[in-house]
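Number of protein chains: 2
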Amino acid sequence: MPLTLEDIAKMASVSRSTVSRVLNGDENVNEETRKKVEEVIRRVNFQPNIAARGLAAGRTGIIGLVIPAGVSAIFTDPYFPQLIQGVTSVCNANDYSVMLWLAEPMQERRTIRQILYGGLLDGVIVSSMLIDDPIVLALHESHKPFVLVGRHPTLDVNYVDVDNIYGAREATRHLLRLGRQRVATITGPLNMIAGRDRYQGYCEALESFGQSLQQALVVEGDFSELSGYLGMKKLLPHRPDAVFVATDTMAMGALRALREANVRIPDDIALVGYDDMPMASQFNPPLTTVRQPIVKLGASAMQMLLDVMQRSETHTRHLILPTELVVRASCGSIQGGD
Amino acid sequence: MPLTLEDIAKMASVSRSTVSRVLNGDENVNEETRKKVEEVIRRVNFQPNIAARGLAAGRTGIIGLVIPAGVSAIFTDPYFPQLIQGVTSVCNANDYSVMLWLAEPMQERRTIRQILYGGLLDGVIVSSMLIDDPIVLALHESHKPFVLVGRHPTLDVNYVDVDNIYGAREATRHLLRLGRQRVATITGPLNMIAGRDRYQGYCEALESFGQSLQQALVVEGDFSELSGYLGMKKLLPHRPDAVFVATDTMAMGALRALREANVRIPDDIALVGYDDMPMASQFNPPLTTVRQPIVKLGASAMQMLLDVMQRSETHTRHLILPTELVVRASCGSIQGGD
DNA sequence: AATGGTATTGAGAGCGCTCCCAATAAAGCA
DNA sequence: TGCTTTATTGGGAGCGCTCTCAATACCATT
Chain U
40 MPLTLEDIAK
50 MASVSRSTVS
60 RVLNGDENVN
70 EETRKKVEEV
80 IRRVNFQPNI
90 AARGLAAGRT
100 GIIGLVIPAG
110 VSAIFTDPYF
120 PQLIQGVTSV
130 CNANDYSVML
140 WLAEPMQERR
150 TIRQILYGGL
160 LDGVIVSSML
170 IDDPIVLALH
180 ESHKPFVLVG
190 RHPTLDVNYV
200 DVDNIYGARE
210 ATRHLLRLGR
220 QRVATITGPL
230 NMIAGRDRYQ
240 GYCEALESFG
250 QSLQQALVVE
260 GDFSELSGYL
270 GMKKLLPHRP
280 DAVFVATDTM
290 AMGALRALRE
300 ANVRIPDDIA
310 LVGYDDMPMA
320 SQFNPPLTTV
330 RQPIVKLGAS
340 AMQMLLDVMQ
350 RSETHTRHLI
360 LPTELVVRAS
370 CGSIQGGD
Chain B
40 MPLTLEDIAK
50 MASVSRSTVS
60 RVLNGDENVN
70 EETRKKVEEV
80 IRRVNFQPNI
90 AARGLAAGRT
100 GIIGLVIPAG
110 VSAIFTDPYF
120 PQLIQGVTSV
130 CNANDYSVML
140 WLAEPMQERR
150 TIRQILYGGL
160 LDGVIVSSML
170 IDDPIVLALH
180 ESHKPFVLVG
190 RHPTLDVNYV
200 DVDNIYGARE
210 ATRHLLRLGR
220 QRVATITGPL
230 NMIAGRDRYQ
240 GYCEALESFG
250 QSLQQALVVE
260 GDFSELSGYL
270 GMKKLLPHRP
280 DAVFVATDTM
290 AMGALRALRE
300 ANVRIPDDIA
310 LVGYDDMPMA
320 SQFNPPLTTV
330 RQPIVKLGAS
340 AMQMLLDVMQ
350 RSETHTRHLI
360 LPTELVVRAS
370 CGSIQGGD
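Line order of the protein sequences matches chains U and B. Quick note, the working numbering runs 39 ahead of the 1-based positions in the first sequence. Quick note, the working numbering runs 39 ahead of the 1-based positions in the second sequence.
Written out as structure tokens, the structure reads:
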């Protein structure tokens, strides 16, 4: 049977209230008393009951991390693991715990209800990719503190994101700078904000070089290796001399298609990916790609959430983290190395 | 302000107790009353406070899923995402929620305390790879219901696992059956049970063919691509004609090393991996590998935990799921396909 | 009509904690 | 010395729920 505050109080010969104060870092405790109580707590390895605290105080020290489960391709690359890691690290440092919610679309209504009204979560981080995600809408209408991972184009919500537009633009501009004339792209799903943003970056790059957008050189993928493979097959007849692929995973598929077609990389077609997943440096040839600070993204989201939960200001917070072009051999650049 | 039981009771003109009964599926409620209450609950979208329930009933409907964060290489392959998915699906179907704990070794003591005494978790699933994991030991000594993912060689605990020994043995035997004479292996870390088991399977296969174990043909890896690459480089001078690699990710690295050395696969060296990760079928050549039912493993773990939490029997439960050899081109077998 | 049983409901206590307020002790001031 | 102020502590109420037990109503039985 776990110990209670009352037990600790008895052991330390003080009152329940005093123990509670020590536990919560209240200033109004005599230094000597505090020492005594802390000693007991440590000795018996006491852990206050979270449910009771939640009931009494209205806060639990738990935040929810909502991840859309539907997109199973999502698990091919290490995006979510890294995100989780980032969130968790900040949580640990601040005595918060993470509760992971894989939001099955089917049970979404129940999920939303539990998150909002279950009284268990002090705040929520949602990694939503869809533009009209009902969870995001519900949270936005509620008073629950929350932060979105991935910016939202229309809703006025707190968010953190990586600079997808910039990253994609610079990646594409790099290809153009190297003299490529027919730069194609395999995009992500265009109903996802990240997919759109990267596509927009691609368009902006073309525009900045005075080139016009050619629909034949644009293929929509779904982030999966297979869609990269198929996308490249579709592109080949249109003779691109470079391709900006919106995901390393898709770039992997594209590489496979190129290998099958005996196309030389980067001589015939230059390739740039996106994500800098660990394996990208070991592709053949090593993949030029855009590095995103995903762990930091998660950490920033949690940091922002802490801030939102602490203060009661109502202004929304936005944070865009920079991305970085990692030049390797696949783009045909002179500069190489990792 | 969220509604409470009392509010619902008032709206439905019944008592708090009756609402509670309806909420918990108690039989002793008049059908008409139940309908009336359920109607109100649905209408106002009521969600009982989990913390309060936890306090009053001693159960929260939340289970913990503990994953060692230390091993970051872990996130290279989709093992954990799949495991999480399996656990989550069964949870959802049974009105349980998953709380994910990435156990940072540094804060392990705090983690353990919270898990055991926080009063928040009805049960715990631990995916531990290490043999002397302190979390496992602590849980084993506690009374908290828990299930281990990955068998434990010495402790008498509930566990589910895949049949690593069998899988590795059959994979190796397949190579031997094809006439390979010098079958090497790149093992996983030998302080992990899965690593050991697969190595043991390899040994058993050799023995069953009357071949003796040659230390020169055994290299220990750490599950990472790089260690596969390096491992294969180390093996090459000893002229193996086949290699059983304990992980697809490592097999990927091994392939890279073989490609660099201009070794033909499977002609010169046959290769078998382990895991059947999604990309394995798209390696060049497609990788023969061992398929593990990871999603099912997670689901089984949760199912077992439900069982443990429900009944109070004290006998430990064990479940070993079968693995399956997926023959593709890399092992040089005649039969191919997927 | 009186009794017992059964189905259904309501009231009260209490889970372990936080927070408010009152009580006490110690100290400062006129 | 008496009184106010300040630091520290203890006690009580109550968070929203579950669970036990008693109360009620209704029926069948003798």
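Where a beta carbon is used, it is the ideal one built from N, C-alpha and C, also for glycine. No experiment lies behind these values; they were computed from the predicted model shown.
Residue range of the beta strand (DSSP E) that includes residue i
i              : result
A319 (chain U) : From DSSP, A319 (chain U) is part of no beta strand (DSSP E); its letter is neither H nor E.
I359 (chain B) : H357 to L360
F283 (chain U) : A281 to V284
L169 (chain U) : Careful: L169 (chain U) lies outside any beta strand (DSSP E) and carries neither H nor E.
T224 (chain U) : V222 to T226
P107 (chain B) : I101 to P107
V165 (chain B) : G162 to V165
8 Å contact criterion, which residue i and residue j should meet: CB distance rounded
i              : j              : result
L214 (chain B) : A281 (chain B) : 4 Å
D360 (chain B) : D202 (chain B) : Correcting the residue type first, residue 360 (chain B) is Leu in the shown sequence and not Asp. Confirmed, Cβ separation roughly 7 Å.
A207 (chain B) : D236 (chain B) : 7 Å
L285 (chain U) : I225 (chain U) : For the record, residue 285 (chain U) in the displayed sequence is Ala; it is not Leu. Contact holds; Cβ gap of about 6 Å.
L256 (chain U) : R221 (chain U) : 6 Å
G240 (chain U) : T211 (chain U) : 7 Å
Chain U within 8 Å of residue i, Cβ atoms only
i              : result
G375 (chain B) : Annotation note: pLDDT 45 at G375 (chain B) (below 50); position unreliable, coordinate value reported separately. Chain U, which has no Cβ nearer than 8 Å to the Cβ of G375 (chain B), makes this no.
T328 (chain B) : no
T127 (chain B) : yes
V137 (chain B) : yes
E259 (chain B) : no
V105 (chain B) : no
P41 (chain B)  : yes
R295 (chain B) : yes
E45 (chain B)  : no
G93 (chain B)  : yes
Any C-beta of chain B under 8 Å from that of residue i
i              : result
P120 (chain U) : yes
R397 (chain U) : The shown model of chain U, from 40 to 377, leaves out residue 397 (chain U), and the question about it has no answer.
T99 (chain U)  : yes
A279 (chain U) : Reading off the sequence, residue 279 (chain U) comes out as Pro, not Ala. Not an interface residue.
I123 (chain U) : yes
E77 (chain U)  : no
E264 (chain U) : yes
S59 (chain U)  : no
L141 (chain U) : yes
Nearest-angstrom Cα separation, counted from residue j out to residue i
i              : j              : result
A142 (chain U) : N131 (chain B) : 10 Å
P14 (chain B)  : R356 (chain B) : Since the first residue shown for chain B is 40 and the last is 377, residue 14 (chain B) is missing from the structure and cannot be characterised.
P378 (chain U) : Y156 (chain B) : The structure shown does not extend to residue 378 (chain U), since chain U is modelled only from 40 through 377, so no value can be given for it.
T72 (chain U)  : I154 (chain B) : 28 Å
I232 (chain B) : V329 (chain B) : 17 Å
A90 (chain B)  : H191 (chain B) : 34 Å
P228 (chain U) : L245 (chain U) : 20 Å
R38 (chain B)  : S266 (chain B) : Residue 38 (chain B) lies beyond the stretch modelled for chain B, which goes from 40 to 377, so this question has no answer here.
L122 (chain B) : L139 (chain B) : 12 Å
V76 (chain U)  : G93 (chain U)  : 22 Å
R303 (chain B) : A338 (chain B) : 40 Å
E66 (chain U)  : V58 (chain U)  : 12 Å
I164 (chain B) : L104 (chain B) : 5 Å
S1 (chain U)   : L187 (chain U) : Within the shown structure, residues of chain U are numbered from 40 to 377, placing residue 1 (chain U) beyond reach of any answer.
L310 (chain U) : S369 (chain U) : 5 Å
V53 (chain B)  : L159 (chain U) : 27 Å
Residue i - containing alpha helix (DSSP H), residue span
i              : result
G234 (chain U) : I232 to S247
I204 (chain B) : N203 to R216
L139 (chain B) : Element bounds for L139 (chain B): not the alpha helix (DSSP H) but the beta strand (DSSP E), S136 to A142.
I333 (chain U) : I333 to Q349
V302 (chain U) : Segment: none, V302 (chain U) is in no alpha helix (DSSP H) and carries neither H nor E.
R330 (chain B) : First-last for R330 (chain B): T328 to R330, but that is the beta strand (DSSP E), not the alpha helix (DSSP H).
V68 (chain B)  : From DSSP, V68 (chain B) is part of no alpha helix (DSSP H); its letter is neither H nor E.
V129 (chain B) : Y118 to A132
A51 (chain B)  : L44 to A51
Practice prompt. Please name the residues in the region 307–324 of chain B whose beta-carbon is closer than 8 Å to at least one beta-carbon of chain U, in chain order.
Written response: P317, M318, Q321 and N323
Practice prompt. Note down, in chain order, all residues in the region 148–159 of chain B with a beta-carbon under 7 Å from any beta-carbon belonging to chain U.
Written response: R152, Q153, Y156, G157, G158 and L159
Item to complete: Select from the region 80–91 of chain U all residues with a C-beta closer than 9 Å to any C-beta belonging to chain B, and list them in chain order.
Response: N84, F85, Q86, P87, N88, I89, A90 and A91
Worksheet item: When Cβ atoms are compared, which residues of the region 356–368 of chain B fall closer than 8 Å to chain U?
Response: none
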